[in-house]
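Structure first, then comments.
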Amino acid sequence: MAKSKEKQYIYIVQSSKEMTRCKIGKTNNLERRLKEYNNMTGKSKDTLYTYLFACEVKDMSEMENDLKKMFITLREETSKEMYFYNSALFKDYIKYVKLHPLFVKEVIAKAENKNQIVKIVKKTTPTLEERGVTRKELLQKAQKVNNDEFYTRYEDVEKELSKYNKSVWKNKTVFCNCDDPVDDDERRTSAFPLYFIKNFHEFGLKKLICTHYSGGLDLFNQKAKGYIFTKDGFKEFREYPEGYTGSFDHPLSLKILKEDADIVCTNPPFSRAIEYWKMIIESGKKFLIISAQTNPITKAFISYFKDNQVWAGYNRVDWFLTPKKEITSNPCFWYTNIKIKNRPRFKHLKIMPLKEIPEKYKRYDDSKILLVDNCYIPNDYKKPFAISNHPIFSGILEKGYKIIDKDWSYIAFVNGKQCFRRVLVQKI
Ligand SMILES: C[S@@+](CC[C@H](N)C(=O)[O-])C[C@H]1O[C@@H](n2cnc3c(N)ncnc32)[C@H](O)[C@@H]1O
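Going by the numbering used here, the sequence shown opens with residue 386, and the numbers climb by one from there.
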């Protein structure tokens with residue numbers, strides 16, 4: 386008889402002596418793995434390893450690789466599976482694992498120890514918990530209180546932009562219009578221009594125009610004056626027009642947008658996202674920008690997704706740099722109106738008859754609207770149903786479903802309890 390397939394697990398383990406670190410690994414045998422760790426440390430009781438979390442997964446190696454990629458900056462050494470640990474990071478690891486399409490079920494979850502002393506991890510800002518805010522509140526605050534000072538990491542720009550066919554850039558003028566300064570020192574240059582300068586000839590770009598905004602915190606140490614940097618073939622020059630602030634809506638920036646730019650590429654300020662999206666979409670230009678992950682389920686942006694004026698790019702972006710170049714998290718995604726061929730995220734969509742969707746991922750709210758989760762999508766359900774932003778990132782609107790014609794987020798109540806925001810879609 387054929388041997389039944391072994392179960393596969395992803396686990397997070399921690400030594401009682403190393404509270405600022407944890408190990409994230411894979412195993413077929415949770416019991417044996419823990420025993421091995423504890424044997425390694427000898428008989429000493431004060432270096433006891435315990436599981437913080439473990440779950441069954443469909444493919445432990447693939448999940449482990451995704452975790453490595455996702456949390457690359459939180460690994461102590463790239464050769465080891467040790468990750469920085471504090472309670473907010475721990476929540477991020479678990480959230481990522483549970484939302485991953487290969488997740489099957491949780492098997493161990495350590496109850497939170499309220500008395501546990503958790504140190505601030507090396508090279509990170511205080512956690513959201515330590516600052517007494519949730520991610521949601523931080524994002525809302527960012528939208529209201531001009532908290533725009535998040536800097537894009539070079540690797541995130543490279544990871545997304547390298548996915549597009551090189552012909553997209555050929556003979557094009559790229560415009561980076563939200564504080565994307567260029568300096569002789571790479572550390573004072575925004576990741577966007579840096580990437581385009583490095584690939585200027587390879588992409589066959591016609592021109593690169595970047596503006597520095599004078600009104601912010603001056604994160605790139607470029608002094609208060611707004612300026613325009615242009616790279617035109619081998620010629621590079623900087624202009625400081627009288628009274629120019631570098632704001633994306635300054636008449637001079639708008640003139641460049643209208644007359645020169647072919648593709649706009651940047652990470653605009655979170656506090657001005659609504660105006661920025663309106664401007665860029667009305668301009669009719671191609672764009673590739675970073676914005677909040679909540680946009681597809683936020684009233685101000687839903688109609689753009691519904692009308693096919695914007696769609697998700699390839700990647701999410703979760704980590705940014707603060708003015709002090711420390712890593713900080715903020716859940717964002719790439720958005721674009723450049724065609725995405727064979728969207729890799731299609732594979733996350735689980736489109737099937739309603740009755741085949743597992744019970745725990747489908748339910749009806751108090752208004753009898755069907756709610757589906759975990760990228761499950763019914764293909765035999767004629768009425769509108771509510772989804773989160775994840776199926777939108779995975780291209781559900783390119784698979785014969787449409788957002789129904791109301792530009793509002795859907796807030797479901799189940800037994801009177803409010804659920805997170807969604808959007809209503811329907812099979813076409
Ligand atoms: C999220 S940060 C991104 C900075 C840079 N583009 C990057 O990707 O690293 C947004 C930047 O936009 C700047 N900003 C704020 N208001 C602006 C405006 N009206 N026009 C242009 N930039 C603005 C902020 O000061 C901040 O530097």
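Don't be surprised by glycine CBs; every beta carbon is placed ideally from N, CA and C.
With respect to the alpha helix (DSSP H) encompassing residue i, which residues constitute its N-terminal and C-terminal limits?
i: residue 542; result: 539-546
i: residue 665; result: 658-668
i: residue 757; result: Looking at the DSSP string, residue 757 is not in any alpha helix (DSSP H); the run it does join, the beta strand (DSSP E), is 755-757.
i: residue 475; result: 472-484
i: residue 439; result: That residue, residue 439, is in no alpha helix (DSSP H); its beta strand (DSSP E) goes 434-442.
i: residue 446; result: 445-455
i: residue 741; result: Per DSSP, residue 741 belongs to no alpha helix (DSSP H) and is neither H nor E.
i: residue 423; result: 415-425
i: residue 689; result: 684-691
i: residue 776; result: 775-778
Taking a contact to mean a Cβ-Cβ separation below 7 Å, would you say residue i touches residue j in this structure?
i: residue 661; j: residue 545; result: no
i: residue 397; j: residue 448; result: no
i: residue 433; j: residue 472; result: no
i: residue 682; j: residue 806; result: yes
i: residue 788; j: residue 691; result: yes
i: residue 597; j: residue 566; result: yes
i: residue 441; j: residue 482; result: no
i: residue 393; j: residue 445; result: yes
i: residue 821; j: residue 736; result: There is no way to answer for residue 821, as the model of the chain reaches only from 386 to 813.
i: residue 812; j: residue 795; result: no
i: residue 816; j: residue 739; result: A query on residue 816 cannot be resolved here, the shown segment of the chain reaching from 386 to 813 and no further.
i: residue 679; j: residue 563; result: no
i: residue 610; j: residue 625; result: yes
i: residue 599; j: residue 631; result: yes
i: residue 468; j: residue 409; result: yes
i: residue 574; j: residue 594; result: no
i: residue 539; j: residue 576; result: yes
i: residue 580; j: residue 621; result: no
i: residue 793; j: residue 684; result: yes
i: residue 798; j: residue 758; result: no
Please work out which residues of its chain come closer than 6 Å, Cβ to Cβ, to residue i, disregarding the five sequence neighbours upstream and downstream, and give them in chain order.
i: residue 702; result: 541, 675 and 717
i: residue 742; result: 761
i: residue 388; result: Since pLDDT at residue 388 reaches only 46, below the 50 mark, its modelled position is unreliable, and the value read off the structure follows with that caveat. There are no such residues.
i: residue 495; result: 437
i: residue 727; result: none
i: residue 810; result: 772, 786 and 788
i: residue 668; result: 642
i: residue 548; result: 699
Could you please give the first and the last residue of the uninterrupted beta strand (DSSP E) stretch that includes residue i?
i: residue 581; result: It is not in any beta strand (DSSP E) - residue 581 instead sits in the alpha helix (DSSP H) that spans 576-583.
i: residue 677; result: 671-677
i: residue 597; result: 592-597
i: residue 491; result: 488-494
i: residue 802; result: 802-812
i: residue 535; result: That residue, residue 535, is in no beta strand (DSSP E); it is neither H nor E in DSSP.
i: residue 638; result: Here residue 638 belongs to no beta strand (DSSP E); instead the alpha helix (DSSP H) covers 636-644.
i: residue 572; result: Neither: residue 572 is in no beta strand (DSSP E) and is coded neither H nor E.
i: residue 706; result: 696-706
i: residue 400; result: 393-400
i: residue 749; result: 747-749
i: residue 719; result: 712-721
i: residue 410; result: 406-412
i: residue 795; result: 795-799
i: residue 649; result: 648-651
i: residue 615; result: 612-617
i: residue 633; result: No beta strand (DSSP E) contains residue 633, which DSSP labels as neither H nor E.
i: residue 622; result: 620-624
i: residue 770; result: 770-772
i: residue 561; result: 558-561
i: residue 725; result: Unbroken run through residue 725: none, as it is neither H nor E.
i: residue 787; result: 786-788
i: residue 781; result: Here residue 781 belongs to no beta strand (DSSP E), and DSSP marks it neither H nor E.
i: residue 469; result: 467-469
Note down, in chain order, each residue of its chain lying with its Cβ closer than 7 Å to the Cβ of residue i, except the 5 sequence neighbours on either side.
i: residue 618; result: none
i: residue 714; result: 477, 703 and 704
i: residue 487; result: 442, 443, 444, 447 and 448
i: residue 479; result: 438
i: residue 517; result: Any reading at residue 517 must be qualified, since the residue scores a pLDDT of 44, below 50, and its modelled position is unreliable; the value itself is stated next. Here the set comprises nothing.
What does a CB cutoff of less than 8 Å around residue i pick up in its chain, not counting 5 residues either side in sequence?
i: residue 648; result: 553, 554, 557, 558, 559, 560, 670, 671, 672, 673 and 723
i: residue 415; result: 394, 396, 436, 439, 492 and 493
i: residue 489; result: 440, 441, 442 and 443
i: residue 502; result: The predicted model places residue 502 with a pLDDT of 33, which falls under 50 and marks its position as unreliable, so this point remains unresolved.
Review point. Are at least three pairs of beta-carbons, each pair with one atom in the stretch 748-766 and one in the stretch 715-729, less than 8 Å apart?
Key: The stretch 748-766 makes no contact with the stretch 715-729, as fewer than three CB pairs between them are under 8 Å.
Review point. Does the stretch 768-784 touch the stretch 742-758, meaning 3 or more C-beta pairs lie closer than 8 Å?
Key: Yes, since at least three Cβ pairs between the stretch 742-758 and the stretch 768-784 fall closer than 8 Å, the two stretches touch.
Practice item. Decide yes or no for the touch test of the stretch 623-638 against the stretch 585-592: beta carbon pairs closer than 8 Å, at least 3 of them. Key: Cβ pair count under 8 Å is below three, so no.
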